[in-house]
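According to the working numbering, the stretch in the sequence shown is residues 2 to 210, in order. Beta carbons: idealized from backbone N, C-alpha and C, even for Gly. Everything numeric in this text was worked out from a predicted model, so none of it was measured. Okay, so here's the structure we're looking at.
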Amino acid sequence: MKDDPDLRQYAPAAERNREPILTVLKRVLPPTGCVLEIASGSGQHAVYCAPRLQPRRWLPSDPSPFARESIQAWIAHCPADNLLPPLNLDAADPTWPDSVQPLVPDITAIVNVNMIHISAWQSCLGLMAGAGRILSPGGVLYLYGPFRRQGQPTAPSNEAFDQRLRSQNPDWGLRHLEDVAAAAIDQQLILKEVIAMPANNLSVVFERI
Ligand SMILES: C[S@@+](CC[C@H](N)C(=O)[O-])C[C@H]1O[C@@H](n2cnc3c(N)ncnc32)[C@H](O)[C@@H]1O
Numbered sequence: 002m003k004d005d006p007d008l009r010q011y012a013p014a015a016e017r018n019r020e021p022i023l024t025v026l027k028r029v030l031p032p033t034g035c036v037l038e039i040a041s042g043s044g045q046h047a048v049y050c051a052p053r054l055q056p057r058r059w060l061p062s063d064p065s066p067f068a069r070e071s072i073q074a075w076i077a078h079c080p081a082d083n084l085l086p087p088l089n090l091d092a093a094d095p096t097w098p099d100s101v102q103p104l105v106p107d108i109t110a111i112v113n114v115n116m117i118h119i120s121a122w123q124s125c126l127g128l129m130a131g132a133g134r135i136l137s138p139g140g141v142l143y144l145y146g147p148f149r150r151q152g153q154p155t156a157p158s159n160e161a162f163d164q165r166l167r168s169q170n171p172d173w174g175l176r177h178l179e180d181v182a183a184a185a186i187d188q189q190l191i192l193k194e195v196i197a198m199p200a201n202n203l204s205v206v207f208e209r210i
């Protein structure tokens, strides 16, 4: 009898950034309810953060079937009572809150790590529109990743990363924090906090007003 294949994907960056991200999440997330993770990728953040953020629940998602297989495999390997199976969710789909809300009505926060620069701008707009609809006042949207900021030089490593992203797909690339914050405010999400993170990344925290 052959062993089942291990479908877990492994992203070294997720291994490195999971602890700094968790430290911020513990402080900024509402204390109860369900955290919807959009663009969970391998699922490493889900299995690491969920048991450490109880009593909140954690709902991972990703539009990629390969990512969802990996998330399922990580959950099977590291189960947690408060970790839900992954949803098929594309942030660019303007209707995504309609499919999520009936399943999980108490989403108090959305976490999105390293997506908006590796996806078309439409995904960021869809993320904001959906977050504005699904979160109640006081709800939190947390973004993590590299950004450009007005009046501040971009780190050489991030400039190089931006070039690589754009050569892979012209719709990708580092976003300007000011553009992201403007898209957020259009959806009643105000910028609460920007936290410098290791390797020239930022944690960006929005609150639904
Ligand atoms: C670089 S990976 C990051 C994964 C994970 N958050 C991490 O930090 O390891 C980017 C992820 O974004 C997902 N993604 C891309 N476009 C998306 C969209 N429009 N909506 C939701 N997820 C998307 C991809 O499928 C991929 O899993």
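Distance, Cα to Cα, residue i vs residue j?
i: residue 73; j: residue 44; result: 8 Å
i: residue 91; j: residue 56; result: 27 Å
i: residue 49; j: residue 19; result: 7 Å
i: residue 34; j: residue 107; result: 5 Å
i: residue 142; j: residue 101; result: 16 Å
i: residue 99; j: residue 37; result: 14 Å
i: residue 168; j: residue 161; result: 11 Å
i: residue 202; j: residue 77; result: 30 Å
i: residue 1; j: residue 63; result: Any property of residue 1 remains undetermined from this structure, which presents the chain solely from 2 to 210.
i: residue 21; j: residue 46; result: 11 Å
i: residue 152; j: residue 11; result: 36 Å
i: residue 17; j: residue 134; result: 32 Å
i: residue 66; j: residue 199; result: 30 Å
i: residue 84; j: residue 166; result: 32 Å
i: residue 89; j: residue 157; result: 35 Å
i: residue 147; j: residue 96; result: 27 Å
i: residue 9; j: residue 51; result: 17 Å
i: residue 105; j: residue 131; result: 14 Å
i: residue 103; j: residue 189; result: 22 Å
Check this for me: beta carbons of residue i and residue j, under 8 Å apart or not?
i: residue 61; j: residue 41; result: yes
i: residue 145; j: residue 170; result: no
i: residue 23; j: residue 58; result: no
i: residue 111; j: residue 136; result: yes
i: residue 39; j: residue 138; result: no
i: residue 31; j: residue 109; result: yes
i: residue 187; j: residue 175; result: no
Ignore the nearest five residues each way along the sequence and tell me which others in residue i's own chain have a CB closer than 7 Å to its CB.
i: residue 25; result: 196 and 204
i: residue 206; result: 29, 141, 143, 193 and 194
i: residue 79; result: 48
i: residue 2; result: Residue placement at residue 2 cannot be trusted, given a pLDDT of 49 that sits under 50; what the coordinates show is reported in the next sentence. There are no such residues.
Within the same chain, show all residues whose beta-carbon is closer than 6 Å to that of residue i, passing over the 5 residues directly before and after it, in chain order.
i: residue 82; result: none
i: residue 185; result: 129 and 207
i: residue 121; result: 172
i: residue 150; result: 178
i: residue 126; result: 184
i: residue 123; result: 93
i: residue 155; result: 149
Where does residue i sit, in a helix, a strand or coil, going by DSSP?
i: residue 190; result: strand
i: residue 55; result: coil
i: residue 175; result: coil
i: residue 151; result: coil
i: residue 202; result: strand
i: residue 166; result: helix
i: residue 158; result: helix
i: residue 11; result: coil
i: residue 127; result: helix
i: residue 117; result: coil
i: residue 35; result: strand
i: residue 23; result: helix
i: residue 48; result: helix
i: residue 210; result: coil
i: residue 74; result: helix
i: residue 139; result: coil
i: residue 62; result: strand
i: residue 112; result: strand
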